[in-house]
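Protein chains in written order, with UniProt numbering: chain A, 1 to 233; chain B, 1 to 233. Notes follow the structure.
2 protein chains.
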Amino acid sequence: MANCDLCVVRNRAICSSLDAQELEVLNAIGRTRTMQPGESLIWEGEDSVLVANVIDGVLKLSTNTEDGREQIVGVVYPSDFIGRPFGGTTGHGATALTEATVCVFSRRDFDAFAREHPALEHKLLERTLAELDRTRRWMLLLGRKSASEKLASFLLEMEERLRPSGCVWNFEDGASRRITLPFSRQQIADVLGLTIETVSRQFTRLKNDGVVDLPSRRDVILLDHAALVAEAG
Amino acid sequence: MANCDLCVVRNRAICSSLDAQELEVLNAIGRTRTMQPGESLIWEGEDSVLVANVIDGVLKLSTNTEDGREQIVGVVYPSDFIGRPFGGTTGHGATALTEATVCVFSRRDFDAFAREHPALEHKLLERTLAELDRTRRWMLLLGRKSASEKLASFLLEMEERLRPSGCVWNFEDGASRRITLPFSRQQIADVLGLTIETVSRQFTRLKNDGVVDLPSRRDVILLDHAALVAEAG
DNA sequence: CGTGACTTTGAGCCATTTCAACACGCGTGG
DNA sequence: CCACGCGTGTTGAAATGGCTCAAAGTCACG
Chain A
1 MANCDLCVVR
11 NRAICSSLDA
21 QELEVLNAIG
31 RTRTMQPGES
41 LIWEGEDSVL
51 VANVIDGVLK
61 LSTNTEDGRE
71 QIVGVVYPSD
81 FIGRPFGGTT
91 GHGATALTEA
101 TVCVFSRRDF
111 DAFAREHPAL
121 EHKLLERTLA
131 ELDRTRRWML
141 LLGRKSASEK
151 LASFLLEMEE
161 RLRPSGCVWN
171 FEDGASRRIT
181 LPFSRQQIAD
191 VLGLTIETVS
201 RQFTRLKNDG
211 VVDLPSRRDV
221 ILLDHAALVA
231 EAG
Chain B
1 MANCDLCVVR
11 NRAICSSLDA
21 QELEVLNAIG
31 RTRTMQPGES
41 LIWEGEDSVL
51 VANVIDGVLK
61 LSTNTEDGRE
71 QIVGVVYPSD
81 FIGRPFGGTT
91 GHGATALTEA
101 TVCVFSRRDF
111 DAFAREHPAL
121 EHKLLERTLA
131 ELDRTRRWML
141 LLGRKSASEK
151 LASFLLEMEE
161 RLRPSGCVWN
171 FEDGASRRIT
181 LPFSRQQIAD
191 VLGLTIETVS
201 RQFTRLKNDG
211 VVDLPSRRDV
221 ILLDHAALVA
231 EAG
């Protein structure tokens with residue numbers, strides 16, 4: 001049986017709205033689960049049966065066209081909430097990008113619990129509003145930005161998102177910062193609405209321009225933060 | 001002083017969670033306001049000072065890049081909620097596309113009221129979750145669909161959204177349906193992440209293919225619904 | 001070292017954009 | 001009632017950014 005007191009996201013996830021007693025009840029209806037990269041927790045189009053809190057790792061939310069094109073519509077980090085409470089079908093799948101640990105609830109149980117705990121619903125509302133804002137900002141990128149602006153924006157977002165999280169290494173090195181991307185090139189393409197080749201070409205251009213260094217496939221060293229900001233548009 | 005009992009969206013907006021007494025309190029802190037096409041209620045980047053319910057008309061939510069490119073990130077219809085409760089700055093402007101009537105609240109007043117009325121927050125949460133789903137579905141269109149798929153998807157969405165609303169004419173005519181778009185060509189381009197010329201060319205192609213008829217700039221008659229669905233991808 | 005997945009690079013092509021001219025509808029004023 | 005101008009939409013031709021297809025390179029892992 002998991003113990004919320006030891007949970008690393010206890011104070012950041014929506015659970016932070018609950019006292020010890022309430023937490024015990026919530027704990028009783030949830031269970032933790034680990035996931036391997038590529039493993040899915042939720043599939044696009046199915047009835048919404050599960051919701052979860054992310055404890056560790058990174059997951060993608062994605063939709064596909066019938067002919068197989070994919071768009072990643074969200075990226076989920078520790079303390080984030082996944083799933084579609086309050087009925088309906090899930091519009092997008094949730095798949096682990098890294099090894100991940102999640103705290104899973106049956107949607108029905110969670111819904112019932114949430115409706116009795118307004119403070120929890122309030123936290124969830126704040127989170128959902130923030131996620132909607134972030135998603136809408138991403139639409140500007142998808143609809144109106146060029147490939148180079150897209151990649152620069154992506155790297156800046158990654159820098160920001162990966163910094164506070166314990167799941168990916170990240171240290172100061174003078175003015176430069178190393179980030180370890182939880183994405184393959186194809187997945188970056190699926191976030192940005194580009195092809196893998198275009199992403200690759202933009203990476204090598206940034207490297208040739210001295211804006212980043214690419215010590216390995218997944219690692220990026222941000223050498224010139226200002227140049228990235230300028231290029232992000 | 002407005003009277004919520006007479007409000008046409010009384011039973012569809014988040015207000016439907018409130019009883020007569022509560023409604024009176026809410027009514028006391030809000031006021032109705034009419035807007036002309038092009039008039040803005042909220043500006044991108046400013047502190048969040050207002051929230052509102054849409055009573056009548058259609059508004060757009062939009063963001064811009066520094067160099068003036070625009071992306072419409074949401075379209076708001078009667079009974080929808082606008083604005084960013086619970087702090088922060090607004091990430092996108094809200095501008096009337098048609099004549100509109102809105103029920104406006106100071107964000108501080110609304111926040112305080114909402115925190116004391118969990119049923120209202122619950123309604124708002126359900127609405128926000130639904131809007132997030134819709135927005136994420138739109139990302140697939142922006143990131144992965146071709147111009148023709150985009151316009152077909154747009155017309156189908158318009159058909160669905162404009163049907164129940166009283167704000168735009170819309171009647172059965174055998175199998176075909178007429179819709180009056182609340183958008184100029186430029187605004188359609190800003191929704192779809194295209195240029196105005198491309199939108200125009202796709203419209204004339206659909207017309208030449210007999211899929212739609214275009215009796216005027218703002219009117220579209222959907223002649224072949226199945227063809228649109230097939231083309232939407 | 002060999003194998004297979006992933007990534008990079010190259011060359012040509014195509015959808016969409018860009019730039020420019022023209023058409024349409026509508027209100028105003030002659 | 002028609003000429004005019006202006007905002008909006010359409011059409012055409014040329015340019016181009018990103019895509020497609022193809023091949024070579026890299027890396028992790030056995």
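We put the beta carbon where it would ideally sit given N, CA and C, even for glycine.
query, result
"Going straight from the alpha carbon of glutamate 46(A) to that of leucine 132(A), what length do you get?", "22 Å"
"Using a Cβ-Cβ cutoff of less than 7 Å, which residues in the same chain neighbour threonine 89(A) once the five nearest sequence positions on both sides are dropped?", "Gly45, Glu46, Asp47, Ser48"
"Nearest CA to the CA of threonine 195(A): which residue from Val8(A), Asn53(A), Ile72(A)?", "Ile72(A)"
"For arginine 33(A) and glutamate 99(A), what's the separation of their Cα atoms in angstroms?", "11 Å"
"Would you tell me roughly how many angstroms separate the C-alpha atoms of threonine 95(B) and arginine 178(A), rounded to the nearest one?", "41 Å"
"I'd like to know if phenylalanine 105(B) contacts chain A, where contact means its C-beta is closer than 8 Å to some C-beta of that chain.", "no"
"From the DSSP secondary-structure annotation, give me the bridge partner or partners of leucine 50(B).", "Ser106(B)"
"When the Cβ atoms of the stretch 5-25 of chain B are set against those of the stretch 64-84 of chain B, are three or more pairs found closer than 8 Å?", "yes"
"Does the beta-carbon of serine 146(B) have 16 or more other beta-carbons within 10 angstroms, so that it is buried, or is it exposed?", "exposed"
"Does the Cβ of residue 234(B) have 16 or more other Cβ atoms within 10 Å, making it buried, or fewer, making it exposed?", "In this structure chain B extends from 1 to 233, so residue 234(B) is not present and cannot be described."
"Could you tell me whether any Cβ in chain B is nearer than 8 Å to the Cβ of glycine 45(A)?", "no"
"Let me see if you follow: with CB-CB separation under 8 Å, is cysteine 4(B) close to chain A or not?", "no"
"So for serine 148(A), helix, strand or coil by DSSP?", "helix"
"Quick check on serine 184(B): does DSSP put it in helix, strand or coil?", "coil"
"Please classify serine 216(A): is it buried, with 16 or more other beta-carbons within 10 angstroms of its beta-carbon, or exposed?", "exposed"
"According to DSSP, is phenylalanine 113(A) helix, strand or coil?", "helix"
"Listed in chain order, which residues of the stretch 102-127 of chain B have Cβ atoms closer than 8 Å to some Cβ of chain A?", "Arg115, Pro118, Glu121, His122, Leu124, Leu125, Glu126"
"Would you say proline 37(B) lies against chain A (beta-carbon separation less than 8 Å)?", "no"
"Would you tell me roughly how many angstroms separate the C-alpha atoms of leucine 59(B) and glycine 93(B), rounded to the nearest one?", "10 Å"
"Kindly indicate the opening and closing residues of the alpha helix (DSSP H) around serine 200(B).", "196-208"
"Counting Cβ pairs, one atom from each stretch, are 3 or more of them under 8 Å apart for the stretch 204-214 of chain A and the stretch 120-135 of chain A?", "no"
"Excluding the 5 residues flanking threonine 198(B) on each side, which residues of the same chain have their C-beta closer than 8 Å to its C-beta?", "Ala147, Ala189"
"Using only CA atoms, which one of Leu140(B), Asp213(B), Val102(B) lies nearest to arginine 69(A)?", "Leu140(B)"
"Could you give the residue range of the beta strand (DSSP E) that holds valine 220(A)?", "219-222"
"Compare the C-beta of leucine 26(B) with all C-beta atoms of chain A and state if any pair is closer than 8 Å.", "no"
"Please tell me whether arginine 136(A) and threonine 180(A) are closer than 8 Å, where the distance is taken between their beta carbons.", "no"
"In the DSSP assignment, the alpha helix (DSSP H) including residue 235(B) goes from what residue to what residue?", "This structure gives no information on residue 235(B), because the portion of chain B shown stretches from 1 to 233."
"Do you know how far the Cα of proline 85(A) is from the Cα of aspartate 109(A)?", "10 Å"
"Would you please verify whether the beta carbon of isoleucine 186(B) is less than 8 Å from any beta carbon of chain A?", "In the sequence under discussion, the amino acid at residue 186(B) is glutamine, which differs from the isoleucine named in the question. Not an interface residue."
"Would you mind giving the Cβ-Cβ distance between cysteine 103(B) and isoleucine 42(B), rounded to the nearest angstrom? I have them listed as a contact below 8 Å.", "Between isoleucine 42(B) and cysteine 103(B) the Cβ distance is about 14 Å, and since that is not below 8 Å, they are no contact."
"Taking the Cβ atom as the reference point for each residue, do glycine 162(B) and leucine 228(B) lie within a distance shorter than 8 Å?", "According to the sequence shown, residue 162(B) is leucine rather than glycine. Against a cut-off of 8 Å, the Cβ pair of leucine 228(B) and leucine 162(B) comes out as no contact."
"DSSP beta-bridge partners for valine 212(B)?", "Leu222(B)"
"Output, in chain order, the set of chain A residues within a Cβ distance shorter than 8 Å of glycine 74(B).", "Arg136"
"Per DSSP, glutamate 62(A) forms a beta bridge with which residues?", "According to the sequence provided, residue 62(A) is serine. The question's glutamate does not apply to it. Ile72(A), Gly93(A)."
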